[in-house]
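In full-length UniProt numbering, the protein residues as written are 1 to 68.
All C-beta atoms, glycine included, are put in the ideal place defined by N, C-alpha and C.
Here's the structure we're looking at; comments come further down.
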């Protein structure tokens with residue numbers, strides 16, 4: 001085995017970890033998505049609830065917007 005260091009590229013970028021990348025807060029698009037689900041289901045609350053549960057909306061982040 002050689003004790004030489006491995007060569008590296010000069011223009012190498014340092015990658016940011018995924019956990020450190022923060023998504024911007026956008027409550028208006030969240031509320032628009034909730035309203036669109038309501039309109040798509042013609043106001044039937046049971047269908048609205050099922051659609052909201054199956055959606056990939058982030059309620060932990062936008063919970064305050066949802067209840068306003």
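Taking all protein chains shown into account, do 16 or more other C-beta atoms lie within 10 angstroms of the C-beta of residue i, making it buried, or fewer, making it exposed?
i, result
"residue 14", "exposed"
Assign residue i to one of three DSSP states: helix, strand, or coil.
i, result
"residue 25", "coil"
"residue 50", "helix"
"residue 40", "helix"
"residue 19", "helix"
"residue 3", "coil"
"residue 61", "helix"
Verify whether the separation of the beta carbon atoms of residue i and residue j is less than 7 angstroms.
i, j, result
"residue 51", "residue 41", "yes"
"residue 62", "residue 24", "no"
If you draw a straight line from the alpha carbon of residue i to that of residue j, how long is it in whole angstroms?
i, j, result
"residue 30", "residue 57", "7 angstroms"
"residue 38", "residue 67", "14 angstroms"
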